[in-house]
Amino acid sequence: MDAPTAVLEERAAALLDVDVSQEDVHRFLLDTADFLGSPPREMVGPGVRFRWFLDDRVVQVGAGKGIGTDYSLKVQSFSTEVVDDIEYRWFKYGVLDHSLPYLWSVGIDQEPNDRLVEMWDPDSATTVATWAGVENTLDPVMDDWPLDVALTPPEWRRYFAYLWEMPETSPWSKVRVAANPEGIEIVATSRDGQAEPARLLVPPTVLRHHRLTVADILAGLAGGGLAADIRLLDVEGFDLRTGDLFIMTPGRYSTLGAEIPIPEPGWDDVEDTPRTGISLEKLRALVEEGPARPNRPGPRVREVRPMQPGLTIPQVLDLIDGLLRGEPAIEVLTKMGATAGERHGRPALIGEGWYAEEHLGTWTVNVLPYPPRGVTYKTREVLGLGWWLAQALEGRYGRPFGQELSTWGHLMRLFRVGRTGVKVSVGSEVEVNIGEFEGLTRYAG
Numbered sequence: 042m043d044a045p046t047a048v049l050e051e052r053a054a055a056l057l058d059v060d061v062s063q064e065d066v067h068r069f070l071l072d073t074a075d076f077l078g079s080p081p082r083e084m085v086g087p088g089v090r091f092r093w094f095l096d097d098r099v100v101q102v103g104a105g106k107g108i109g110t111d112y113s114l115k116v117q118s119f120s121t122e123v124v125d126d127i128e129y130r131w132f133k134y135g136v137l138d139h140s141l142p143y144l145w146s147v148g149i150d151q152e153p154n155d156r157l158v159e160m161w162d163p164d165s166a167t168t169v170a171t172w173a174g175v176e177n178t179l180d181p182v183m184d185d186w187p188l189d190v191a192l193t194p195p196e197w198r199r200y201f202a203y204l205w206e207m208p209e210t211s212p213w214s215k216v217r218v219a220a221n222p223e224g225i226e227i228v229a230t231s232r233d234g235q236a237e238p239a240r241l242l243v244p245p246t247v248l249r250h251h252r253l254t255v256a257d258i259l260a261g262l263a264g265g266g267l268a269a270d271i272r273l274l275d276v277e278g279f280d281l282r283t284g285d286l287f288i289m290t291p292g293r294y295s296t297l298g299a300e301i302p303i304p305e306p307g308w309d310d311v312e313d314t315p316r317t318g319i320s321l322e323k324l325r326a327l328v329e330e331g332p333a334r335p336n337r338p339g340p341r342v343r344e345v346r347p348m349q350p351g352l353t354i355p356q357v358l359d360l361i362d363g364l365l366r367g368e369p370a371i372e373v374l375t376k377m378g379a380t381a382g383e384r385h386g387r388p389a390l391i392g393e394g395w396y397a398e399e400h401l402g403t404w405t406v407n408v409l410p411y412p413p414r415g416v417t418y419k420t421r422e423v424l425g426l427g428w429w430l431a432q433a434l435e436g437r438y439g440r441p442f443g444q445e446l447s448t449w450g451h452l453m454r455l456f457r458v459g460r461t462g463v464k465v466s467v468g469s470e471v472e473v474n475i476g477e478f479e480g481l482t483r484y485a486g
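In the numbering used here, the protein residues as written are 42 to 486.
In structure tokens form, the structure reads like this:
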């Protein structure tokens, strides 16, 4: 393991039993910058992550909602090959999957390099001409906007906003939708220009409770009608979005407005229909009312039991070695005591306290299965088992290609052995994946 990552993982592990606050997140990120000698080169999102480039490694620290705590942190380290090759092909050709590692990027300590800009080629733009398209374009970004801004240290924040021109039928001429740590900020300028702009801060809880999308808000401010009636004038804050008229969406570039001709209805197999949306007055009333308080039950009390892994670390190493040598998987697993069976209706090889199953050429060996209902294991014990297993694999196969540790107790190590990948994952269970290396690189992002 590289030394900087070891230090950062140790710091993250110290927060395992801590109710992590926003201040803790900011302090961790700023301390990381001090330790690594500079602010991060860039931050990407949604689900904000901060990246430092150190020789042949990328150190990435992500921040988000916690599990059993308000907020969480995740430390990752991976080869720069992830950015230079794997992510490049994700964006440029979509050869691995239709999803993307991130939808926006901001340079903090350094501007994006030419190769990165090239893969956000605006020549591949298509037009969004339906309200459904607006939702698919903006909601993935804006759902996480307030949290992404809140968890970014103030010293590194950018002002993110979209500026829209409304149709003549609307009482508003322009509408700005911006990110705020407390929610989505809406500023609407009246058409006559006489009154002060109307301002409204919409907390995320209100949007979620009433299942409102940004398309609903824009449609209401536009006075109903079609998505093609509004025009995107500017986008602020993002370094990589290919230009003021383009928005990154999963799988394609998109824009709204007349700069690219509106295609005939049915271009995306869906003809747009007018949407009433929600007016600013009704939205303001919902904000003042606030979301209903859900009557949620308290956390379940679980019995803490000692973990009982089904395989020892030497047994796991022998099993992996056998698969890497090309021995038939069934023979390798049955030698360990597994017999044919089923799990959740799928064929599996079942051992005493462990199991293995194959999917699309990748074998998953679950060394410590998920605990029974009403039972839990001590997080640090489970994490310790995964850590010692990962250390044994590192001694055998060298430094991991990628690794991560989170404040909620998740650990991952990915090793490359020729064209095969060996991946250790730890959460409430401990499992090992053995399969094609490229198929196991989805962790980064």
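For each residue, glycine too, the CB sits at the ideal point set by N, CA and C.
The C-beta distance from arginine 384 to glutamate 399 rounds to 12 Å, too long to fall under 8 Å, and the pair is not in contact. Residue state for phenylalanine 69 is assigned as helix, using DSSP reduced to three classes. Beyond the five residues adjoining it in sequence on each side, alanine 74 comes within less than 6 Å, by CB distance, of Pro80 in the same chain, given in chain order. Residue burial annotation: aspartate 185 is buried, with at least 16 other C-beta atoms found within 10 angstroms of its C-beta. Looking at the backbone, the Cα of glycine 476 and that of proline 355 are separated by about 20 Å. Per DSSP, histidine 385 is not a residue of any alpha helix (DSSP H), being assigned neither H nor E. As summarised for the segment 104-134, the continuous beta strand (DSSP E) elements at least 3 residues long and confined to that stretch are 112-120, given in chain order.
Note on glutamate 128: 16 or more other CB atoms within 10 angstroms of its CB, so buried under the neighbour-count rule. The beta carbon of arginine 454 is closer than 6 Å to those of Ala431, Pro441, Gln444 and Val465 in its chain, skipping five residues each way along the sequence.
Sequence-distant partners of leucine 248 (beyond 5 residues in either direction) whose C-beta falls short of 6 Å from its own C-beta are missing from its chain.
For isoleucine 475, no alpha helix (DSSP H) run applies; the uninterrupted beta strand (DSSP E) run containing it begins and ends at 471-477, by DSSP. About 4 Å separates the Cβ atoms of glycine 278 and arginine 199, confirming a contact at the 8 Å cut-off.
By the neighbour-count criterion, in which 16 or more other beta carbons inside 10 Å mark a residue as buried, lysine 215 falls on the buried side.
From the listed residues Leu192, Pro208, Leu144 and Tyr112, the smallest Cα separation to leucine 179 is found for Leu144. Looking at the DSSP output, lysine 215 sits in a beta bridge with Glu206 and Thr230. Counting along the chain, no beta strand (DSSP E) covers tryptophan 197, and no H or E run does either. For leucine 409, the closest C-alpha among the options Leu262, Thr417 and Thr403 is that of Thr417.
Taking one beta carbon from each stretch, the segment 321-331 and the segment 352-371 have fewer than 3 pairs nearer than 8 Å; the two do not touch.
DSSP places tryptophan 395 within a strand segment (E or B) once states are collapsed to three. The residues Glu83 and Asp280, in chain order, have a CB closer than 6 Å to that of glycine 148 in the same chain once the five nearest residues on each side in sequence are set aside. Comparing alpha carbon positions, the residue from Val467, Leu141 and Ala260 closest to tryptophan 449 is Val467.
Within the same chain, Phe69, Leu114, Lys115, Val116, Leu446, Ser447 and Thr448 come within 8 Å of alanine 53 by CB-CB distance, once the 5 residues on both sides are set aside. Straight-line measurement puts the Cα of valine 66 at about 18 Å from the Cα of proline 45. When the five nearest sequence neighbours on each side are left out, the beta carbons in the same chain lying within less than 6 Å of the beta carbon of aspartate 97 are those of Thr121, in order along the chain.
When the Cα atoms are used, glutamate 422 and alanine 379 turn out to be separated by approximately 25 Å. Sequence-distant partners of glycine 367 (beyond 5 residues in either direction) whose C-beta falls short of 6 Å from its own C-beta are missing from its chain.
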